[in-house]
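Novice:
Number of protein chains: 2
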Amino acid sequence: MMITGTTRLFGIIGDPVAPLRSPALFNAGFARLARDAAFLPFEVPAGDLPAVWAGLTRLRNLDGLVMTMPHKEAVVPLLDALGPTARLTGTVNTVRRREGGGWEGEMFDGEGFRDGLERAGHAPRGAAILQVGCGAAGRAIAFALARAGVGRLTLHDAAAGRAEALVAALKAGWPSLEVAAGAAAPAGHAIIVNATPLGLRPGDPLPLQPDTIAPGQVVADVIPKPEITPLLAAARERGCPIVTGRAMHEGQARLAAAYLGITGWEG
Amino acid sequence: MMITGTTRLFGIIGDPVAPLRSPALFNAGFARLARDAAFLPFEVPAGDLPAVWAGLTRLRNLDGLVMTMPHKEAVVPLLDALGPTARLTGTVNTVRRREGGGWEGEMFDGEGFRDGLERAGHAPRGAAILQVGCGAAGRAIAFALARAGVGRLTLHDAAAGRAEALVAALKAGWPSLEVAAGAAAPAGHAIIVNATPLGLRPGDPLPLQPDTIAPGQVVADVIPKPEITPLLAAARERGCPIVTGRAMHEGQARLAAAYLGITGWEG
Numbered sequence: 001m002m003i004t005g006t007t008r009l010f011g012i013i014g015d016p017v018a019p020l021r022s023p024a025l026f027n028a029g030f031a032r033l034a035r036d037a038a039f040l041p042f043e044v045p046a047g048d049l050p051a052v053w054a055g056l057t058r059l060r061n062l063d064g065l066v067m068t069m070p071h072k073e074a075v076v077p078l079l080d081a082l083g084p085t086a087r088l089t090g091t092v093n094t095v096r097r098r099e100g101g102g103w104e105g106e107m108f109d110g111e112g113f114r115d116g117l118e119r120a121g122h123a124p125r126g127a128a129i130l131q132v133g134c135g136a137a138g139r140a141i142a143f144a145l146a147r148a149g150v151g152r153l154t155l156h157d158a159a160a161g162r163a164e165a166l167v168a169a170l171k172a173g174w175p176s177l178e179v180a181a182g183a184a185a186p187a188g189h190a191i192i193v194n195a196t197p198l199g200l201r202p203g204d205p206l207p208l209q210p211d212t213i214a215p216g217q218v219v220a221d222v223i224p225k226p227e228i229t230p231l232l233a234a235a236r237e238r239g240c241p242i243v244t245g246r247a248m249h250e251g252q253a254r255l256a257a258a259y260l261g262i263t264g265w266e267g
Numbered sequence: 001m002m003i004t005g006t007t008r009l010f011g012i013i014g015d016p017v018a019p020l021r022s023p024a025l026f027n028a029g030f031a032r033l034a035r036d037a038a039f040l041p042f043e044v045p046a047g048d049l050p051a052v053w054a055g056l057t058r059l060r061n062l063d064g065l066v067m068t069m070p071h072k073e074a075v076v077p078l079l080d081a082l083g084p085t086a087r088l089t090g091t092v093n094t095v096r097r098r099e100g101g102g103w104e105g106e107m108f109d110g111e112g113f114r115d116g117l118e119r120a121g122h123a124p125r126g127a128a129i130l131q132v133g134c135g136a137a138g139r140a141i142a143f144a145l146a147r148a149g150v151g152r153l154t155l156h157d158a159a160a161g162r163a164e165a166l167v168a169a170l171k172a173g174w175p176s177l178e179v180a181a182g183a184a185a186p187a188g189h190a191i192i193v194n195a196t197p198l199g200l201r202p203g204d205p206l207p208l209q210p211d212t213i214a215p216g217q218v219v220a221d222v223i224p225k226p227e228i229t230p231l232l233a234a235a236r237e238r239g240c241p242i243v244t245g246r247a248m249h250e251g252q253a254r255l256a257a258a259y260l261g262i263t264g265w266e267g
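Line order of the protein sequences matches chains X and A. 1 is the number of the first residue of the first sequence in our numbering; add one for each residue after it. 1 is the number of the first residue of the second sequence in our numbering; add one for each residue after it.
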């Protein structure tokens, strides 16, 4: 596919952008669909988002954007309308033009993770799940797990009060949900989820002690790159089925593509 | 070439962008050079340039921009430094990051036209040239023809006073230059240049009466698309050598690529 003057633009806003998989994934999709469109990395430091937003949204040939760290919450006040999951989580990962003007956004990180987990053969319905990390991605994932009918959910975050706040938000939406803040202790859970950014950078500490994981427990990670994080490597060594960030990422991309009107994504 | 998270960005800001050849030309160049870079069309209405500029220049992975209609003059006050031709013409077609911060711009439309004309075998040195159109592109071309040692230059513009103002500006730089404002009358000139936008859109009037062109006079056009404008078609029918906007455009691209640090452009 060659970019010409008629090519429609899409992109992802984040910092850093070098490790992101979305550009390769979407451009491969556009090539497969023979669609005259390109998906670009836009590297934007946190404080620059309002100015960049004002500029990019004035490009008449730009049709949509994916938002990633550190912009998933910061973009919310810049939008003219929010989808239901964006309203619930206060975060957005995909934005598009509204008919009649302005921009609207929705959050697919959680549903993308859930979709990837299910396609990997590990449905969250009825399962006991430990989730470490309750930031923007973690919030979205917890809501998606609740919506999917998780059996019991334990939430942990190193920052004081964050897990408790998410428990309260989940209880408000699903009063009978079995959810509690707790230690990063895998025992008693069928699925362990890392929703922290730990593992993205070399030398990061592990999000939990790997020797507390038992063979047979499913370990899933949200980190897109490296695909096999130190946590997943340790889990695999202990005989655990693993689900990499790629599964979540492909799930997000499927849902974002549909939201952005990119039809035929899955052939 | 596949765009990924590490791909460096370049682009052209204009309106409309669909007819522009720069994206295809630069992306073919990047592919030839195996350079991890992409060149994008950015469609920006005239009044939106300041906001778009503030946004795009904050993209840390954007290295340079080409400016085209209607932004070649409007970008000048947004820059931190200007090259010599940009200062002379008050117009800019290429911008890049400065070492130490900020952005600088230079104007290559005129030198690109001159370069294309020479490569087509029609050196302006010593020649009598009629140039129709004294807008931003026309000003740059006239300065490049003066610098190249044109023998005699006749300038015409449909807007009152525009040709005369350009004559005065040229005389200030080259006091002994033989240049005058005059009618759009080819007689007595070896080379006829269309530097107006007439021919870009279907149904445009011709920039001059084609039946006043004599066989053997060289007719050159700045319009990038259609490559054979109605003026060039008429000139070719009358047995005139023609130089299309492609020659100018490839000349501009060579000079812009060098300014943007894209080495090895011509293999």
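The beta carbon of each residue, even a glycine, is placed where N, CA and C say it ideally should be. Please read all numbers here as calculations on a predicted model, not as lab measurements.
(1) So if DSSP puts A140 of chain X in a beta bridge, which residue, or which two residues, is it bridged to?
(2) To the nearest angstrom, report how far apart A28 of chain X and T244 of chain X are at their CA atoms.
(3) Going by C-alpha to C-alpha distance, which of X:G112, X:P186, X:N93 sits closest to Q131 of chain X?
(4) Name the residue from X:F42, X:C134, X:W53, X:A127 whose alpha carbon lies nearest to the alpha carbon of P197 of chain X.
(5) For my contact list, G126 of chain A and T154 of chain A are in at a C-beta cut-off of 8 Å; report their separation, rounded to the angstrom.
(6) Could you please give the first and the last residue of the uninterrupted alpha helix (DSSP H) stretch that includes A168 of chain X?
(7) Tell me whether A184 of chain X sits in a helix, a strand or coil according to DSSP, three-state version.
(8) Can at least three beta-carbon pairs, one atom from the region 229 to 246 of chain A and one from the region 79 to 86 of chain A, be found at a separation below 8 Å?
(9) Taking buried to mean at least 16 other C-beta atoms within 10 Å of its own C-beta, is S176 of chain A buried or exposed?
(10) Looking at A18 of chain A and P41 of chain A, is the spacing between their C-beta atoms short of 9 Å?
(11) Mind pulling the beta strand (DSSP E) runs of 3 or more residues that sit fully within the region 74 to 122 of chain X?
(12) Let me know if M2 of chain X comes out buried or exposed under the rule of 16 or more other beta-carbons within 10 Å of its beta-carbon.
(13) Using a Cβ-Cβ cut-off of 9 Å, state whether V92 of chain A counts as contacting chain X.
(14) Considering P230 of chain A, what are the terminal residues of the alpha helix (DSSP H) in which it resides?
(15) Using only alpha-carbon positions, find the residue among X:L25, X:R152, X:A37, X:I13 that is nearest to V95 of chain X.
(16) Against I3 of chain A, what residues of chain X qualify as contacts under a CB-to-CB distance less than 8 Å, listed in chain order?
(17) Go ahead and pull the three-state DSSP assignment for R32 of chain X.
(18) Measure the C-alpha to C-alpha separation of L166 of chain X and P70 of chain A and round it to an integer number of angstroms.
(19) At which residues does the alpha helix (DSSP H) containing E250 of chain A begin and terminate?
(20) Indicate whether at least one CB of chain X lies closer than 9 Å to the CB of P353 of chain A.
(21) May I have the straight-line CA-CA distance separating G152 of chain A from I129 of chain A, to the nearest angstrom?
(22) Identify the continuous beta strand (DSSP E) that holds G55 of chain X and give its terminal residues.
(23) Rounded to whole angstroms, what's the CA-CA distance from A159 of chain A to A24 of chain X? Just pull it up for me.
(24) Whose Cβ in chain A lies nearer than 8 Å to the Cβ of N61 of chain X?
(25) Below 8 Å on C-beta distance, what does R97 of chain A contact in chain X?
(26) 9 Å is my cut-off, CB to CB: does A51 of chain A come that close to chain X?
(27) Taking the beta strand (DSSP E) that V132 of chain X belongs to, which residues open and close that run?
(28) Roughly how many angstroms lie between the CA atoms of E99 of chain X and V92 of chain X, to the nearest whole one?
(29) Starting from the beta carbon of T6 of chain X, find every residue of chain A whose beta carbon is closer than 7 Å, and list them in chain order.
(30) Give the residues of chain X in contact with A54 of chain A, contact being defined as C-beta atoms less than 9 Å apart.
(31) What did DSSP end up calling P41 of chain X once you bin it into helix, strand or coil?
(32) Take A123 of chain A and list the residues in its own chain whose beta-carbon comes closer than 6 Å to its own, dropping the five residues that flank it on each side.
(33) Per DSSP, which residues does I262 of chain A bridge with? Please list them.
Specialist: This is what the structure holds:
(1) BP columns for A140 of chain X are empty, so no partner.
(2) 20 Å
(3) X:P186
(4) X:C134
(5) With a Cβ gap of about 15 Å, G126 of chain A and T154 of chain A do not count as contacting.
(6) 162 to 173
(7) coil
(8) no
(9) exposed
(10) yes
(11) 94 to 97, 103 to 106
(12) exposed
(13) no
(14) 230 to 237
(15) X:I13
(16) P23, A24, N27, A38, F39, L40, P41
(17) helix
(18) 51 Å
(19) 245 to 259
(20) As displayed, chain A neither begins before 1 nor continues past 267, which places residue 353 of chain A out of reach and without an answer.
(21) Per the sequence presented here, residue 152 of chain A reads as Arg, with Gly not at that position. Going by the C-alpha atoms only, they are around 6 Å apart.
(22) Taken as a continuous stretch (DSSP letters only), G55 of chain X belongs to no beta strand (DSSP E), being part of the alpha helix (DSSP H) at 49 to 56.
(23) 50 Å
(24) V17, P41, F42, E43
(25) Chain X residues near R97 of chain A: none, gap ~14 Å exceeds 8 Å.
(26) yes
(27) 128 to 132
(28) 19 Å
(29) A18
(30) A51, V52, A54, G55
(31) strand
(32) none
(33) BP columns for I262 of chain A are empty, so no partner.
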